[in-house]
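Here's the structure, in structure tokens; my notes come after.
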Amino acid sequence: MISYIIRRLLWMIPVLFIIALVTFALMRAAPGGPWDRDPSRRQLDAATQAQLNEEFGLDKPTWRQFTAYTVGDVNSEGEFICGAVCGNLGPSYRQRGRTVQEILFDVPEGKPFWLSRFGYSIRLGLLSLFIAIAIGIPAGILAALKQNTWIDYTSAFIANVGVSVPNFVIGIYLIMIFAVTLGWVSVVPRSWDNISAWIIPALVLGFGTMALTARLTRSAVIDVMNQDYIRTARSKGLQERTVIYTHMLKNALIPVITVLGPALAGLVTGSFIIETMFAFPGIGREYVQAISNRDYSMILGTTLIYGVLIALANLSVDVLYSFVDPRIRLD
645 MISYIIRRLL
655 WMIPVLFIIA
665 LVTFALMRAA
675 PGGPWDRDPS
685 RRQLDAATQA
695 QLNEEFGLDK
705 PTWRQFTAYT
715 VGDVNSEGEF
725 ICGAVCGNLG
735 PSYRQRGRTV
745 QEILFDVPEG
755 KPFWLSRFGY
765 SIRLGLLSLF
775 IAIAIGIPAG
785 ILAALKQNTW
795 IDYTSAFIAN
805 VGVSVPNFVI
815 GIYLIMIFAV
825 TLGWVSVVPR
835 SWDNISAWII
845 PALVLGFGTM
855 ALTARLTRSA
865 VIDVMNQDYI
875 RTARSKGLQE
885 RTVIYTHMLK
895 NALIPVITVL
905 GPALAGLVTG
915 SFIIETMFAF
925 PGIGREYVQA
935 ISNRDYSMIL
945 GTTLIYGVLI
955 ALANLSVDVL
965 YSFVDPRIRL
975 D
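Taken in order, the sequence shown gives residues 645 to 975; the numbers are from my numbering.
Listed below in structure tokens is the structure:
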């Protein structure tokens, strides 16, 4: 297994290089640049733009800009500055004097790491996954045990809505119900220190995963219910709860686990819409602002972080899958 994990980690290097290359090409092909301003505001003169281009290396050939960001380059003083391969994600073009790492990972002195933008996004993704599992798996089991009843039909309807309707649409309806009509929560909380402020964003973000988990669990449980070892367990007089949780659930969760990796990666990396909607202080919201501002370093750096998270999430689920199902060997 160790050799398998090492190979997967090594494969991340060319994958991240391709991600960086495609992102860089799309980013530079888009119209506009980092020094463009809103037409209603004062525009930068040509001399100032030329000075900024020289300061940030945008006056160099395109290929050299890419290699300087990913590998590194020699600065005007003759010193080699290592790039993204050394964890240097470059300076922000919009937030002058700050690097991408400082914006995404730094916290005020004396504060814990999870209060950084990266920490906020990770916590939101994990909370969304917890909600999806805590509701989706029991709902799927109950729907399978109560086939062709109103419980099964209600679960199927909610699951279909969650799979087919975009989460930002669900978010709009939840805001209208719980914030505007009932007044239980505020649309934009004054502080994210209270757990109640996280409920709706996490529920909206995890709703699709919850629906998919419920559908997969229902199908898997129905399939396992008809297996011979389940009939044998019941014929021995075991309690139904023991049959479900000891014999049925472990095998039924195997196909569910296969989607947890992409689901977790999707919850963490796909949160930029939800973060923007709720003004959530995570890296997803910073990513959207970077795209709007053509902040090239922030766009590339955040994309690479998302790529690493997706790769690690998928690797973690593959390893977990081998523990749950002994028939799977990672060689």
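Beta carbons: idealized from backbone N, C-alpha and C, even for Gly. All values reported here derive from a predicted model rather than from experimental measurement.
Which residues does DSSP list as the beta-bridge partners of residue i?
i	result
I725	D717
P735	T743
Check the C-beta distance from residue i over to residue j and give it rounded, since I have them as a contact under 8 Å.
i	j	result
L786	I795	6 Å
V807	L748	That pair is no contact at about 31 Å.
M869	A788	7 Å
L860	P899	6 Å
L897	T853	Contact doesn't hold; Cβ gap of about 15 Å is too wide.
L773	A664	Not really, about 27 Å apart at Cβ, beyond 8 Å.
A858	L771	Contact doesn't hold; Cβ gap of about 18 Å is too wide.
V903	T920	At roughly 26 Å, the Cβ-Cβ gap does not stay under 8 Å, so V903 and T920 are not in contact.
F812	I844	The pair is not a contact, with the Cβ atoms about 12 Å apart (cut-off 8 Å).
V848	G827	Not quite, the Cβ-Cβ distance comes to about 18 Å (not below 8 Å), so this is no contact.
S765	I927	5 Å
L660	G951	5 Å
T667	T947	5 Å
According to DSSP, is residue i helix, strand or coil?
i	result
R875	helix
I843	helix
E884	helix
N958	helix
W707	helix
F607	Lying outside 645 to 975, the shown extent of the chain, residue 607 is not represented and no answer is given.
S765	helix
V968	helix
S863	helix
G793	The question names Gly, but residue 793 in the sequence shown is Thr. If DSSP states are grouped into helix, strand and coil, T793 belongs with coil.
S684	Its pLDDT being 49, under 50, S684 is placed unreliably in this model, and the value from its coordinates should be taken loosely. S684: coil per DSSP, three-state reduction.
A690	helix
V809	coil
L826	coil
M869	helix
W836	coil
G751	Reading off the sequence, residue 751 comes out as Val, not Gly. It is coil, neither helix nor strand.
P899	helix
M892	helix
W679	coil
L660	helix
P782	helix
M645	coil
So within the stretch 907–950, which uninterrupted alpha helix (DSSP H) runs reach at least 4 residues, ignoring any that extend past its ends?
916–921, 927–937
Taking 8 Å as the threshold, find out whether the stretch 702–716 comes into contact with the stretch 727–742 through three or more Cβ pairs.
yes
May I ask you to verify whether the stretch 734–741 touches the stretch 923–941, counting CB pairs closer than 8 Å and requiring at least 3?
yes
Check whether the stretch 690–700 and the stretch 956–963 are in contact - that is, three or more C-beta pairs closer than 8 Å.
no
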